[in-house]
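What follows is a set of notes on a single structure, which appears directly below.
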Amino acid sequence: MTSPFSPYLILTALLGFHCEIITVSKVSVKARGSISIPCLYEPPYRNHVKYLCRGHSWLLCSNEVKTNQTEATWKYSISDDTSQRIFTVTINDLEDYTDDTCYWCAVQLKRKKDDGKRFQLSITKDMPSLYVDHQKITAFERGSVTVMCRYKYLKVTEWCRLGSTCVTEQTGSIGGTTVTINETVPNVYNVTMSGLTTACSGWYWCTNGDFQIPVHIMVHKLASTTTEKITVNTKTARTRRTSTQPSFKPKTTLPKNSIKSPEGGESLQDELESSTTVMIVVALVLLLLLVAAAFFVWWRIRHKTTQPGASDTTMGSDTASDPDLLYSTICHNKRKAAHMKNRRPEDSMTYSTIVLKDCVQQEIQPTDGSVIYSTVKTRKK
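If you count by mature numbering (1 follows the signal peptide of the UniProt record, and there is no 0), then the sequence shown holds residues -25 to -1, 1 to 356, one letter each, in order.
As structure tokens, then:
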């Protein structure tokens, strides 16, 4: 006897055990380059092991990397975002094959056959048929982002979101976000998404004919409206500045070389400037003292060199035929000083003590009755 619920049970079993994996179909890649491929899976596959399989046939493909693999390889890598239900595989250093290479986004299932979705890589030494400059782009909510899809030959163009709708016209929308496609530049069509929200984060792809190129867009939240107070304490005033405008940048911070002191608003940079000013003033004072000392020494030396000599008198002596008689001649030289010109003639008298020159024998005391004659002659100036 057949149960009336048999068709419902059969349909439920089919829907529950056959889930879909969505990914790109064909990607053009340059040899020795790298590519990241996203694979979207259904909720029942959330806690299952995912892996990348290589080969034209699903039955004969070889496993290259798995999410439960502890050892990472340089050639292949894989990551699983269970919240978005997307696992991403990355292939590095793509080899130059004459034939196209096929891979599979696969999910390991228990007690039944694994599930997989095939994608094809077209590896070329020349410019790829469709490519972008960067596969990962960052943007902010309420803003916009532009993706430049570069192609070799123009065919039908599209902009699609993984697991969602596509835009084929010049304007459209995906998930409430406005999409504009501009094809005015040769070999490039620009896709602009405006009015972004954090829900716009995810994988998209450009389409040109049979080729797609995946692009990941990450939309960040704006920094929340904050009030930033900067207080400067002085003896006379206190200044406060408040900023309430939203910004696309994270919270503004002080520069690295400006450290706020715990006592007030003065920064370490201000203290360094103050100490530098004090050092300059001290150096100038020392320099002035050094110049003053040098000038004083120079003045003293010059003053000594300009003083008149101790004596301008020239003396000469002559001995007559009589050895006991000595003649002395005293000459006065003219002085250059101006005050010497006004001296009186009687001031020119010079007294001299004559000592006898011993020709043969000198007596300590002259004998009684000996006479010494002395002649002093003064020359007129």
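Even glycine gets a Cβ: it sits at the ideal position worked out from N, Cα and C.
Values in this document were obtained by computation on a predicted structure and should not be read as measured data.
Practice prompt. Could you check the C-alpha separation between His23 and Lys41 for me, to the nearest Å?
Written response: 11 Å
Item to complete: Excluding the 5 residues preceding and the 5 following Ala268 in the sequence, name in chain order all residues of the same chain whose CB lies nearer than 8 Å to its CB.
Response: For Ala268, where only same-chain residues beyond five positions count, there are no Cβ hits under 8 Å.
Discussion item. With a threshold of 6 Å on Cβ separation, who are the neighbours of Gly147 within its own chain once the five nearest residues in sequence on each side are excluded?
Written reply: Val154
Item to complete: Report yes or no: is there a C-beta of chain C within less than 9 Å of the C-beta of Asn165?
Response: Of the protein chains in this structure there is only one, and it is not chain C.
Worksheet item: Would you report the Cα separation of Val107 and Arg136, rounded to the nearest angstrom?
Response: 16 Å
Worksheet item: Thinking just about the alpha-carbon of each residue, which of Asp185, Pro189, Gly184 is nearest to the one in Gly177?
Response: Pro189
Discussion item. Tell me which residues share the same chain as Lys309 and place their Cβ nearer than 6 Å to its Cβ, disregarding the 5 neighbours each side in the sequence.
Written reply: In this prediction, Lys309 has a pLDDT of 49, which is less than 50 and means its spatial position is unreliable; nothing more can be read from the coordinates.
Discussion item. Suppose you measure from the CA of Val142 to the CA of Asn43; what does that come to, to the nearest Å?
Written reply: 37 Å
Worksheet item: Given that a residue counts as buried once 16 or more other Cβ atoms are within 10 Å of its Cβ, and exposed if not, what is Pro13?
Response: buried
Fill in: Exposure of Pro161, with buried meaning 16 or more beta-carbon neighbours within 10 Å
exposed
Worksheet item: What do you get for Lys25, buried or exposed, if any count of 16 or more other CB atoms within 10 angstroms of its CB means buried?
Response: buried
Practice prompt. Tell me whether Pro18 is buried or exposed, calling it buried when 16 or more other Cβ atoms sit within 10 Å of its Cβ.
Written response: exposed
Worksheet item: DSSP state of Lys279, grouped into three classes?
Response: helix
Fill in: Arg125 versus Val163, Thr76, Ile98, Gly91, residue with shortest Cα-Cα distance
Out of Val163, Thr76, Ile98, Gly91, Val163 has the C-alpha closest to the C-alpha of Arg125.
Fill in: 6 Å Cβ shell around Cys175 - same chain, five flanking residues per side excluded
Thr152, Val194
Worksheet item: Near Leu96, what residues of its chain come up, given a Cβ to Cβ distance below 6 Å and the 5 sequence neighbours on each side ignored?
Response: Val2, Val4, Thr76
Worksheet item: Which residue comes first and which comes last in the beta strand (DSSP E) that contains Asp55?
Response: 51 to 56
Discussion item. So, for Phe186: in the same chain, excluding its five sequence neighbours on each side, which residues have a beta-carbon less than 6 Å away from its beta-carbon?
Written reply: Around Phe186, the same chain offers Lys1, Ser3, Ser104, Leu105 as residues with beta carbons nearer than 6 Å, after the five sequence neighbours per side are excluded.
Discussion item. Looking at the strands, I want to know which residues DSSP matches up with Tyr20.
Written reply: The partner list for Tyr20 (beta bridge, DSSP) is empty, contrary to what the question assumes.
Discussion item. Going by the DSSP bridge assignment, what does Phe271 pair with across the sheet?
Written reply: None, per the DSSP bridge assignment.
Worksheet item: Could you check where the beta strand (DSSP E) with Arg136 kicks off and where it finishes?
Response: 132 to 136
Discussion item. Within a Cβ cutoff of 7 Å, which residues of the same chain sit near Gln145, ignoring the five residues on either side of it in sequence?
Written reply: Thr155, Ile156
Item to complete: Between the Cα of Asn67 and those of Gln83, Leu129, Ile10, spot the shortest distance and give me the residue it belongs to.
Response: Ile10
Worksheet item: From the DSSP output, which residues share a beta bridge with Thr99?
Response: Lys5
Worksheet item: Where do the ends of the beta strand (DSSP E) carrying Glu39 lie?
Response: 37 to 41
Worksheet item: Roughly how many angstroms lie between the CA atoms of residue 357 and Lys100, to the nearest whole one?
Response: There is no way to answer for residue 357, as the model of the chain reaches only from -25 to 356.
Fill in: Local conformation of Glu(-6) per DSSP, three classes
coil
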